[in-house]
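Q: Chains as they are written, first to last, in the numbering used here: chain U, -18 to 211; chain C, 29 to 615. Glycine included, each C-beta is placed from N, C-alpha and C at the ideal position.
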Ligand SMILES: Cc1cc2nc3c(=O)[nH]c(=O)nc-3n(C[C@H](O)[C@H](O)[C@H](O)COP(=O)(O)OP(=O)(O)OC[C@H]3O[C@@H](n4cnc5c(N)ncnc54)[C@H](O)[C@@H]3O)c2cc1C
Ligand code: SF4
Ligand code: SF4
Ligand code: FES
């Protein structure tokens, strides 16, 4: 089986190139297994990975034009030739490793933490199962970046538009019955860019390996803003 | 070029649950904290924890911390230190409520309280009916906790060094720890971080074994650093094999699956756990269930064409329970096995999972070792918490749901103790250049060019040796041979060369440094297992099948220098209640 991977090491390469490797296909092989096989052949090949089961969010890559997590992408489902590239639109550090600092900055910007103004009870804050259900499809985000790095608005305005992952987390706290910072959260999203640069192109939702739906979350925030405005 | 330096009050090596919980405590007390992690914090392996965290909240059935303590002591096969266990079980409810206040999206009961499920080894009333003590966020509890802790650290403005690899501790001639030398992975540049206190929270070492539930990054780095600093590791022979890893692949199927009502069957469709643990059945302690599965397979009752696994049935639970309580493992089964556990049993086999042993600490997270005045003298400025540490609350066998608790309780306790230490020791000690040089040499060694063996060859062999010589069942001569194999592997390490010595994001170099660490941890494990001539908890000897309290109710200590073994007594005296004396352990 042939797999073509993006290569660029600033120490030695003047410019990036694609390199083809021949690897043995094994039953049940995941793309991460294939990349590890490439690394066995050439230890200078570089990519991030860790858990191998889609929970740590390390190994987001672009394969055949689509962002995905390598460890939960079955090689059998990929059309040959398999072409693996780093996430689009991010500065490449080396091979498949990109600089995600802008992505993390956006995450920090939405104040992704629970804020209570009331004194804390000596036990848990009560939450009904129905209210808790509202967090399903939101809290599971693993910050892999597959969504934001496939979003055209993020590519063009990474410094102004917050991107789908951060906005999904913003909604995760807006939707939490325990959080008491709704107004401040919404105020911080005002303006033409932070939230409103989303043009509902849905790339993000298509790319999310955890089946989450940032587009919908963004829609909910917009609705809530509207409601607040009236 | 001069070595870059930074100075902090506290250096925390590791951004998993233990490191982040400690960091939060310290940041909120206005200490200057640096958290160093070789991966972005939310990629730490705490993220993979599924089933939940234990605390006697009594939200579902009656419960109290004392019953939790009893179960933990019994689960440990009486090797756990009872003062630390009492402390942990008493702290547990507070720790969980705090987590909830930090934002952890726990699943809920109809009353609005935190959902709790049954887990293995849990009982009411000191060995009575099954308890439900494990607080869960579906089957993604670790993810929920790790992300919430990271989020709170963002709020508290903790200083993070993401993708920095810790190479070695810096110590002075008196043995005090002054910080660490770390490597910025992106640039390949070393950085010296000076600190008045250093907390190691670097997680486990499951990469010792071929089939494991542990991530690629779980290579025991902090434990090996401590060994090189002359501090021993405690109870390394106690390595937990989780009963239900996906056969041949290793992904974990949480004990929560059995907690929700799942059960194991052999090739005859028999619920074989009824034979091994008539009361607790599938929810017996992990060591018991893992041995039962291994025995079924060895005696020819395994499933599949090769008879090399058993089956976990969830198909009677109904799709509602599976979708609501076990969505993560359902995804895992679909992705890696192409089956839906709602209608098809899951092939499982015991899989390397968790290291009970580690860096010896007291219940304040302070690292302790034998010295002039006794077996447990504090190493000045050094703390450890989390899976890398051995307090010891797990003794010979950890109960499911007690590790997340351990990392949080003792991460927090270490933070608290450090706050006190900083008050009494307001100044940095002078840095010790020779110790820095030694750490630098460790890095420079990998610049050697030329012909040699590759990292992957040695790593593959190491894992094979560990799996073949130090698995679920152990025997004297096989382990002795294992030690010889490890000696050879050590010798081979000198001839390993990297073909890639470039600077930027060199993961080949990182893997080489990790392998060095694993080799030392492997030796600690094998040597400790070889000396302990009894069966206790996860350590089962076919040549010494019984527990031997007369000779072996003691902790093992392994020192790197000359591969020396020493022992220290178990702390059988709790803080306030009566001791639980060793008893026969039946489930
Ligand atoms: C699949 C799975 C499921 C589990 N489920 C449960 C459960 O349901 N309940 C339960 O109680 N326990 C569970 N456990 C056990 C528990 O999750 C772990 O023991 C615990 O999370 C370990 O936390 P930690 O903070 O000690 O380490 P980790 O979370 O592993 O973090 C280690 C940190 O150290 C850093 N680090 C390591 N080496 C270096 C270095 N050289 N330089 C810089 N940084 C370094 C890493 O980057 C990371 O940030 C599970 C374990 C696994 C593997
Ligand atoms: S829906 Fe919005 S956030 Fe998602 S890809 Fe499109 S523009 Fe980006
Ligand atoms: S929303 Fe999905 S794709 Fe985006 S960061 Fe989170 S898990 Fe990844
Ligand atoms: S390796 Fe963790 S998500 Fe793929």
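Pull out every residue of the segment 576 to 597 of chain C whose Cβ sits closer than 7 Å to any Cβ of chain U, in chain order.
A: none
Q: Can you pull the chain C residues whose beta carbon is under 7 Å from the beta carbon of residue 108 of chain U, in chain order?
A: 136, 140
Q: For chain C, find out if any of its Cβ atoms is closer than 9 Å to the Cβ of residue 25 of chain U; answer yes or no.
A: yes
Q: Should residue 12 of chain U be flagged as near chain C, meaning a C-beta pair shorter than 9 Å?
A: no
Q: Would you mind giving the Cβ-Cβ distance between residue 119 of chain U and residue 153 of chain U, rounded to the nearest angstrom? I have them listed as a contact below 8 Å.
A: 4 Å
Q: So residue 82 of chain C and residue 430 of chain C are in contact, right, with Cβ under 8 Å, and what is the actual spacing, rounded?
A: 5 Å
Q: Any beta carbon of chain C sitting closer than 9 Å to that of residue 124 of chain U?
A: yes
Q: Below 8 Å, is the gap between the Cβ of residue 180 of chain U and the nearest heavy atom of ligand 2?
A: yes
Q: Would you mind telling me which residues of chain C sit closer than 8 Å to residue 171 of chain U, beta carbon to beta carbon, in chain order?
A: Near residue 171 of chain U there are no residues of chain C at all, since even the closest Cβ is about 22 Å away, more than 8 Å.
Q: Going along chain C in order, which residues have a C-beta closer than 7 Å to the C-beta of residue 187 of chain U?
A: Per Cβ cutoff of 7 Å: no residues; residue 187 of chain U is ~18 Å from chain C at best.
Q: Counting pairs of beta carbons, one from the segment 36 to 45 of chain U and one from the segment 247 to 261 of chain C, are three or more of them closer than 8 Å?
A: no
Q: Please check if any C-beta of chain C sits within less than 9 Å of the C-beta of residue 151 of chain U.
A: no
Q: Should residue 71 of chain C be listed as close to ligand 1, given that the test is whether its C-beta is under 8 Å from any heavy atom?
A: yes
Q: Name the chain C residues whose beta carbon is nearer than 8 Å to that of residue 128 of chain U?
A: Per Cβ cutoff of 8 Å: no residues; residue 128 of chain U is ~15 Å from chain C at best.
Q: Report all residues from its chain with a CB closer than 6 Å to the CB of residue 60 of chain C; omit the five preceding and five following residues, and keep chain order.
A: 36, 37
Q: Check whether the Cβ of residue 121 of chain U lies closer than 8 Å to any heavy atom of ligand 3, and answer yes or no.
A: yes
Q: Is the CB-CB distance between residue 167 of chain C and residue 355 of chain C below 9 Å?
A: It is a contact, given that the beta carbons lie within the stated cut-off.
Q: Just the chain U side, please: which residues come within less than 8 Å of residue 67 of chain C by C-beta, in chain order?
A: 29, 31, 37, 39
Q: Note down the Cα distance separating residue 175 of chain U from residue 141 of chain U, rounded to an integer number of angstroms.
A: Spanning the two alpha carbons is a distance of roughly 6 Å.
Q: Should residue 604 of chain C go down as buried or exposed, given a rule of 16 or more other Cβ atoms within 10 Å for buried?
A: Flag for residue 604 of chain C reads exposed.
Q: Since residue 461 of chain C is in the alpha helix (DSSP H), which residue starts that stretch and which ends it?
A: 461 to 472
Q: Can you find a heavy atom of ligand 3 that lies under 8 Å from the Cβ of residue 39 of chain U?
A: no
Q: Return the CA-CA distance between residue 434 of chain C and residue 421 of chain C, expressed in angstroms with no decimal places.
A: For residue 434 of chain C and residue 421 of chain C, the gap between their C-alpha atoms comes out near 8 Å.
Q: Is the shortest distance between the beta-carbon of residue -4 of chain U and the beta-carbons of chain C less than 9 Å?
A: no
Q: Just confirm the distance between the C-beta atoms of residue 122 of chain U and residue 150 of chain U, as a whole number of angstroms; I'd bet it's less than 8 Å.
A: Confirmed, Cβ separation roughly 6 Å.
Q: Which residues, in order along the segment 480 to 491 of chain C, keep a beta-carbon less than 9 Å from a beta-carbon of chain D?
A: Protein chains in the displayed structure are U and C, and chain D is not among them.
Q: Quick one: is the Cβ of residue 135 of chain U within less than 8 Å of any heavy atom of ligand 2?
A: yes
Q: Are the C-beta of residue 44 of chain U and some C-beta of chain C separated by less than 9 Å?
A: no
Q: Grouping DSSP H, G and I as helix and E and B as strand, with all else coil, what is residue 512 of chain C?
A: Reduced to three states, the DSSP call for residue 512 of chain C is helix.
Q: Assuming the contact rule is C-beta atoms closer than 8 Å, residue 207 of chain C and residue 191 of chain C should be a hit. Round their C-beta distance to whole Å, please.
A: So it is not a contact: roughly 19 Å between Cβ atoms.
Q: Check the Cβ of residue 48 of chain U against every Cβ in chain C and list those closer than 7 Å, keeping chain order.
A: Within 7 Å Cβ-Cβ: nothing; residue 48 of chain U doesn't reach chain C, min ~17 Å.
Q: Rounded to the nearest angstrom, what separates residue 536 of chain C and residue 15 of chain U at their Cα positions?
A: 17 Å
Q: In chain order, what residues of the segment 93 to 105 of chain U put their CB closer than 9 Å to some CB of chain C?
A: 93, 94, 95, 96, 97, 101, 102, 103, 104, 105
Q: Does the beta-carbon distance from residue 155 of chain U to residue 163 of chain U come in below 9 Å?
A: yes
Q: Residues of chain C with CB closer than 7 Å to the CB of residue 120 of chain U, please, in chain order.
A: 133, 172
Q: Let me check one thing: in DSSP terms, what residues is residue 65 of chain C bridge-paired to?
A: C:190
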